[in-house]
Amino acid sequence: MIYIAMATGFLLILIGFYGALTNRNLLRMIVAFSIADTGVNLVIISVGYMPGRTAPILDASVTAANAIARIIDPVPQALVLTAIVIGVGVTALMLAYALKLYEKKRTLDIAKFTELKW
Amino acid sequence: MIKRFLALLLLAGVGAIFTSLLLAYVPDTDLNLTAHYYAQHAASDIGAANIVTAIVITYRGLDTLGEVTVLFLASSIVGLVLSFGQKRNTIQRNLVPVGELLTTASNYLAPIIMLLGVYVFVNGHLTPGGGFQGGAIIASSMLLLLLTDPFKQFSHALISTLESFSGIAYVALGLIGLLLAGSFLDSRILPNGVLGELISAGVIPLIYSLIGLKVGAEFTSMLASLSETEDL
Amino acid sequence: MSALMTALAIVLCIAMLVAALVAIQVWGDKSLPIAVLASGLVSLLASVLFLILASPDVAMTEAAIGGGLTTFLFFFVLARIRSWEKGESEYSGDKHD
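Chains as they are written, first to last, in my numbering: chain S, 93 to 210; chain G, 1399 to 1630; chain E, 3 to 99.
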């Protein structure tokens, strides 16, 4: 199952990059970046998984004594928790900029923004 | 056509790198050293039943402080960028007024959803959950109020006061940990208690409650800034 | 039992890839609201896959933030841009800044 999830994550990253490279509408590019974000998080979580073990939460069946033999790696989950929240912050920022750009230029086509070209 | 072909070529190259990574990956059969240490010592040192919470708040607490800072930065920039160049008159929008059924239903549902959010972040050290999830649920209840009443204005002063107070209290708890227990953001200034009770794991429930309030206030201010953009 | 979980994981992964292809306009309908809904579907299926991979914290976060707030932010900005487009196409005259 690790390989299935990791391959899906890598494919989602490639699909997201393809969408960001070939679309010209700003909002479609932001959707593609959001998909690539989800793919990266999937790859990181699939690295921490070990078959036959369960989630890193101590309760009646996974006590503190046999935790070492029963739980999976908890560090990738802490990293992905942070990554998801920062991903949504960056997406909100991109959308605010897209709104302001449309207000000034009346178009969402990225080929029309040529002020920084020589 | 050329652009599409070049993009596919670049992606084929990146895909080849990914394939080599995938084929060379050998999964572990045992926990590595870091995870071994965390699994062994989390229950006795920290007292939290949710090991991911113990890692996020105490073992890797500086990362969480950085993430809270990044989220604060994002929400302030969204508010700044969207209000730049706007005139300060009332919002004129010709929208159909909402019926009474929708208003009453949303006024009943919003406090219940907020209660679920508070439950999720208060019990973050016992069950899956925590400050970020609880804050997102609280922001969804504010979103419900915003969707059913488009003329609703949130008081920005209240949201920013709540957010600043939570942030200052979080850093203050970290400094108190430095003074009383020996290291920044140490959670042992309150006693550890019994594993599995609500009042246990030191200062972790307090920190997660503050993070939950701060994240909920930040998402709400982002949504409120977006909804107050004027018509052209 | 484990074969069932693996079969479920394969079905979810195939559904996620199809939804991602719809979201970037390679396959299926070409309108923007459908692309945003497809990206919300990718987040939702990823949240279920996180649960199968034994990470309940991450599954809850992805469902609440990825599937809820991000999709709503997209639709909000889309609706605002549409209303601006409609507003300026009805306006026939010079625009003063």
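Glycine included, C-beta positions come from ideal geometry on N, C-alpha and C.
Looking from the CA of Arg84 of chain E, the closest CA among E:Leu34, E:Ala56, E:Ser57, E:Gly70 belongs to E:Leu34. Its chain contains Ser49, Phe52, Leu53 as the residues whose beta carbon lies nearer than 6 Å to that of Ala61 of chain E, once the 5 sequence neighbours on both sides are disregarded; these appear in chain order. Residues of chain E with a Cβ closer than 8 Å to the Cβ of Arg145 of chain S are, in chain order, Ala56. When only Cα atoms are considered, Leu1431 of chain G and Ala159 of chain S end up about 14 Å apart.
Inter-segment contact for the segment 148-157 of chain S and the segment 125-133 of chain S is absent: fewer than three beta-carbon pairs are separated by less than 8 Å.
With a threshold of 16 other beta carbon atoms within 10 Å, Phe74 of chain E meets it and is buried. With its beta carbon less than 9 Å from one in chain S, Arg1458 of chain G belongs to the interface. With distances taken between CA atoms, Ala1567 of chain G lies nearest to G:Leu1604 out of G:Glu1626, G:Gly1522, G:Leu1604, G:Thr1427.
Beta bridge pairing from DSSP links Thr146 of chain S with S:Ile163.
Among the residues of the segment 93-108 of chain S, those with a Cβ less than 7 Å away from any Cβ of chain E are Met93, Ile96, Ala97, Thr100, Leu103, Leu104, Ile107, in the order of the chain. Under the rule that a run must span 3 or more residues, no beta strand (DSSP E) segment is found entirely inside the segment 1401-1462 of chain G.
Judged by pairs of C-beta atoms under 8 Å, the segment 1608-1623 of chain G touches the segment 1525-1540 of chain G, as three or more such pairs exist. If only complete runs of 4 or more residues are kept, the segment 1523-1549 of chain G shows the alpha helix (DSSP H) at 1529-1546, in order along the chain. With contacts defined as CB atoms closer than 9 Å, Leu1588 of chain G and Gly1572 of chain G fail to qualify as a contacting pair.
Sequence-distant partners of Gly179 of chain S (beyond 5 residues in either direction) whose C-beta falls short of 7 Å from its own C-beta, in its chain, are Asp129. In the three-state DSSP reduction, Asp59 of chain E falls in the helix class (H, G or I). Taking a C-beta cut-off of 8 Å against chain E, the contacting residues of the segment 1523-1539 of chain G are Pro1526, Gly1527, Gly1528, Phe1530, Gln1531, Ala1534, Ile1535, Ala1537, Ser1538, listed in chain order.
DSSP, reduced to helix, strand and coil, places Asn117 of chain S within a strand of the structure shown.
According to the DSSP secondary-structure assignment, Asp1584 of chain G is paired through a beta bridge with no residue. Within the same chain, and ignoring the five residues on either side of Val1592 of chain G in sequence, the residues whose Cβ sits closer than 7 Å to its Cβ are Ser1598.
When DSSP states are grouped into helix, strand and coil, Asp201 of chain S belongs to the strand group. Neighbours of Lys192 of chain S across chain G, judged by C-beta separation under 8 Å: Val1479, Leu1480, Phe1482. Residues are counted here when their Cβ sits less than 7 Å from a Cβ of chain S; for the segment 22-45 of chain E these are Ala22, Leu23, Ala25, Ile26, Gln27, Leu34, Ala37, Val38, Ser41, Val44, Ser45, given in chain order. When C-alpha distances from Ile137 of chain S are compared across S:Asn115, S:Leu187, S:Met93, S:Thr206, the shortest belongs to S:Met93.
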